[in-house]
Structure formats: structure tokens, C-alpha cells
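When we follow the numbering used here, the leftmost residue of the sequence shown carries the number 3, and every step to the right adds one. Data block below; observations after.
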Amino acid sequence: MTTRPPLRIGNASGFYGDRFDAMREMLTGGELDVLTGDYLAELTMLILGRDRLKDPAAGFARTFLRQLEECLGLAHERGVRIVTNAGGLNPAGLAHAVRQLAERLSIPVRVAHVEGDDLTAAHPGSLAAHAYLGGFGIAACLREGADVVVTGRVTDAALVTGPAAARFGWQPGEYDRLAGAVVAGHVLECGTQATGGNYAFFGERAADVRRPGFPLAEVHEDGSCVITKHPGTGGFVDIGTVTAQLLYETGGARYAGPDVTARLDTVRLTQDGPDRVRIDGVRGEAPPPTLKVGLNRLGGFRNEVAFVLTGLDIEAKVALVREQMTDALAKSPPAEVRWDLVRTDKPDAASEETASAVLRLVVRDPDEAVVGRPLSGAAIELALASYPGFHVLAPPGKGAPYGVFDAAYVPQGDVEHVAVFDDGRRISVPPAADSLVLEDLPEPEAPEPLSASRVRRAPLGLVAGARSGDKGGNANVGVWVRSDAAWRWLVHTLTVERFRELLPETADLTVVRHVLPNLRALNFVVEGILGAGVAAQHRFDPQAKALGEWLRSRHLDIPEDLL
């Protein structure tokens, strides 16, 4: 039994550019103790790094300031504290801007920030290099009375573990409690993905998913929580929506962070009423001895052109335009040239669009001049001199810079994690006292296979949900089912080999399968499918957002009893 009331902690942003009105909606829609906002992703750090190149005083999410201008008074009136990573590359700059805003609005708030994540100076050639810090710097700021806490690069879950540690007095080493808060934070971090957004079975519920409400967690002192949302808001919360988000952008059963490694194989989910899912049983272990560092650098310049090929002789048209473009670029060939043919054409099509295929040419080079005018000029000059029906989706323009993301690791003790209070005092947050080298768990024993029965060729998505996403150049695809019988079938059917067969793009890549029986889920990590990360735009779906939906659309033999 807990001895203190739960901490009601909500989320109002899952990315830089999320719903602007969410902060107001969360502050006015129901009771809250803390409101968080996650504005950072690997791509965002690159965007903020480019902003800082133009203006050294930039580097933070300006949207947050505009939201706060409307909502700081509301938060103050309701006693809601705000914790956000919108500080990006310049948390001190954003904290200063918030103080100026509060002074202009005559709202008496104390603003603190967390710093120490910026390791750019130690990584020459990087536009931004930032360590992922934990939640105890946030906790220190809140314990000193901060109303607003601004951070730079912390783990997404730290926005929840910090407030929970501050409320309940948790100390480093209380791994089970911290792990429970990490799981809560991971569910909240992507906002409406926990309340019906981007959800595989969205059409099965009567709930209105046109404008899902943002989620909140009622975190208890023992680390357990209930995921819910404000009454009357759109969307829904059930075991499926929570499962989907738990699998998002994760790997194996050990989910590592700076404060604790949470064991996802111990998570228990229980429907606790309408729009309420209880999470308990989460176990934690000592964190790894190192911190992850996200390295963003400019990789060079890219350009692309998409040729539309309509009707007959698609392959011959492809061959002709490839030869023409190769000859045109031969004087100064780009360092990287990639062709992709997307066969969206159908025979005897009823519309011109469905009679057409698209051939994408993407070029990359360190020199902007190589991918700019030479490509655009060569493509446009073919307008009257190439295959019949020649046209492009849009005229190619100048070369655009692209980014590359890499991950590095440094000892926890090499990073100075600092909490900076409203009065200017600074305290160092010590690294974890204990650590455990991260290793994959052995695959758990599988249940008995489902008894043989009649099968029907059908899409996997009739039985299984999926959610996919990116981590640097890798993608993960989490697949789950909703009954024990379906689980007995899935775990024996969807092997790595079958996964590769269903998604031929992965055939030559390393694919690792992780089994999570408590969630009735498999998590596949596909290494290298995204090249150098989202900013490099390596493939059609650069963040692998729809990779899981492609998998669900593929057909295989499914027992009729499950359909």
C-alpha cells in the first residue's frame, strides 16, 4: 500500500511541432501535479544545431515559449509544475527566456534548469553531441522549489522519473520504483500514441480518435502507475494502446537508462476501468556504466528527382532515363547515387495516376555544387528528349544539407550532471553508484504451439497489431496479439526467417528478435535499414513509422480459429 497520494503527471508534447493547444488542454481538462513536454528527437537536435550555427543564443524549442506565454498563469493558478526538455542545446538560454516572460507577465515563478549534457567540444566535427542524462537533476530542482524545470538532452523517461523521485523521496538504487517510473515515462513520452493515436486497431473502437486527448499517469510511491487521460477528451486508453507504446523504439527486455535498467519482461498490464490501464510488477536493475551520447553532424548535401512513368514498357523507360541521367552526371558524378522504382502502376488502369510508377533518383555529395545545378539541369533538359509521357513530381532544386546521427558511449563519471537553481546555485548530481554491463536476456521458453487447425491465407494485421520506429540507423518493429491462443501461434510463426520473407527489404540485414511473453509481443530490431538515420533520408519512410503497418498487410497462413 502506498502512503502518499499518487503523482498525477501529464504530457503535452510528444515532439517539436506537436499540437500547440495541448498545454492549455492539459491544464484546464483536469487535475494535475506536473505537466511535462518532450520536444527532442534525434532529428530535432540536428535542427536546433543548425539554428545555433545562425544564432548562438538559439538552440531551444521556441514553440514552448509561445505555449507558455498563454499558459504560465494557468499553471501558476493551479499549482502545476512544468518540466520540459525544450531547452535542447541551450537550456540556460531557455530558462532565462522563461524568467523574462514571467517577469513581463508579472507571474512569480521560480525557474531552474539542468545542464552538463553538452559534449560537443569533446567530439570535433559534430554539430551537436549530447549525453542522455537521467532524472535526478530534475528531482533536485523540484526539491528546491522550482515551478518550471528546463533541461537539455535527458532521456525521455527522465521527465517522469525526476518528478516522481522528488515527490516520493526516491534515492539512487531504488531500482524497482525507478523502473516503474521509467515505464510510465516511456508510455507518456509520445503523447497521443498512448491514447489511440497511430494505433493499429483504431477502427475497432467507438471512441472518437480524430483528436485524441493527451495522456497522464497516476504514479504511486511503489513505482506502479495507472495510465489514463482527462475525462471527456478524445481517443481511448486500453491495454492495446499502452502495449503499442511500450514496444515503440525499444529493443530487448532490458530497457537501459542512466538511473536504472527497466525490465520490460516484468511489466504487467491490467484494465483498471474505462480509459485506465494499471502498470505494475516492473523490476529494475542497476544502469549500465556508460551514458549514451547522440552525435549529430552534417553529412553533406542531397538532392532528388522523382520521374513519373506511365502505362506500358515501364522497365524500358527506366533503363532509358537512367542511362541519360548517368551520362549527364558523368563529368562530376556525385559520391552516392541511389535509384528506387516504386511500382504503383496497374494494368488497364482506370486513372492516369494508378497507371503510373515513380522512379526516385537521390544523390549525395560533400559538395553542394555537385548535387545542385548539375542534377536539376540534367533532369529538366530531358523534358522533350526522353521516354514518352516524361514528367516529374516536382522540379529538383538546390542541394539541401542532410545530417548523420551516430551514437557513442562515455563513462557515467565523465559527464558533469548539474542542477542550476533559480537563485544561481549549482549542485552536481553524482553518477550512479552501481552499474551493470548491459546484456541481452536469454529467450524465454515458448508456450506450447497452437493445435493444428484449418488455415486461411490472410493479412497478419487481422490478428496482430504493430508499431515501428527509428533509433539512429536501426528500426524496431513491435508486434503484439490480444489473446493467449494468438500468442501461441505468433511466437512460433513469426520467426526472424519469416519476418525477412514478409519484408524483403530486410533480407540482407541483421534482424534480432526479442520475446516479451507478458505483453504477448515480439520486438524485431532491424539493423542499418535507415542508413545514417532519419536526417539522411535513406529510404522512402526515413523513420520507419509505417514498417509495422507494411508487415501487418502481408499475407500468411493463419488458423481460422484466430480470424
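The C-beta atom is built at its ideal place from N, Cα and C for all residues, glycine as well.
In the same chain as Gly415, and ignoring 5 residues on each side of it, the C-beta atoms closer than 6 Å to its own belong to Pro433, in chain order. Per DSSP, the unbroken beta strand (DSSP E) holding Ala114 starts and ends at 113 to 117. For the 7 Å CB-CB criterion, Thr194 and Pro174 do not form a contact. Under the rule that a run must span 4 or more residues, no alpha helix (DSSP H) segment is found entirely inside the region 386 to 467. Each residue's CA atom was taken as its position, placing Glu441 and Gln247 some 23 Å apart.
Per DSSP, the unbroken beta strand (DSSP E) holding His557 starts and ends at 557 to 561.
Here Phe66 is not near Gly90, since their CB atoms are 7 Å or more apart. Annotated three-state conformation of Pro217 is strand, per DSSP. Under the three-state reduction of DSSP, His132 is assigned to strand.
In this model, Glu79 and Phe17 are separated by some 26 Å (Cα to Cα). The beta-bridge partner set that DSSP reports for Tyr257 consists of Ala264. One Cα belongs to Arg112, the other to Lys56, and the distance between them is close to 30 Å.
For Ser470, the secondary structure class from DSSP, reduced to helix, strand or coil, is strand. Put simply, of Leu532, Ala534, Glu551, Ala477 the residue whose alpha carbon is nearest the alpha carbon of Arg515 is Ala477.
In the assembly as shown, Val156 is a buried residue. Its beta-carbon has 16 or more other beta-carbons within 10 Å.
Asp23 and Gln69 have their C-alpha atoms roughly 8 Å apart.
For His516, the uninterrupted beta strand (DSSP E) segment begins and ends at 513 to 518. A direct Cα-to-Cα measurement between Pro544 and Gly137 gives close to 30 Å.
With a cutoff of 7 Å on beta-carbon distance, Glu117 and Asp158 are scored as not near each other. Pro336 sits close to Val365, with the two beta carbons spaced by under 7 Å. Residues Pro174, Gly175 of the same chain have their beta carbon placed closer than 7 Å to that of Ala435, with the five preceding and five following residues left out of the count. Cβ contact annotation for Trp491 (same chain, cutoff 7 Å, sequence separation greater than five): Leu452, Pro561, Leu564, in chain order. Counting every other CB atom within 10 Å of its CB across the protein chains shown gives His188 a total of 16 or more, marking it as buried. Just measuring C-alpha positions, the residue of Asp277, Tyr134, His232 sitting nearest Leu297 is Tyr134. Under the Cβ criterion (8 Å, minimum of three pairs), the region 311 to 326 counts as touching the region 377 to 390. The continuous stretches of alpha helix (DSSP H) do not include Leu361, which lies in the beta strand (DSSP E) extending over residues 358 to 367. When secondary structure is reduced to three states using DSSP, Glu338 falls in the strand class. Taking a contact to require three or more Cβ pairs closer than 8 Å, the region 193 to 207 and the region 230 to 240 qualify as touching. At the C-beta level, Gly302 and Leu48 stay beyond 7 Å of one another. C-alpha of Phe526 to C-alpha of Gly480: approximately 6 Å in a straight line. Judged by beta-carbon spacing, Arg169 lies within the 7 Å limit of Leu9, meaning their Cβ atoms are closer than that value. For the set Thr38, Thr30, Ala131, the Cα lying nearest the Cα of Val412 is the one of Ala131. For Ile382, the number of other beta carbons within 10 angstroms of its own is below 16, and it is reported as exposed. Membership of Thr86 in the beta strand (DSSP E) is indicated by the continuous run 83 to 86. Asp210 and Ser353 have their alpha carbons spaced roughly 33 Å apart.
Secondary-structure assignment with DSSP links Gln273 through a beta bridge to Val279.
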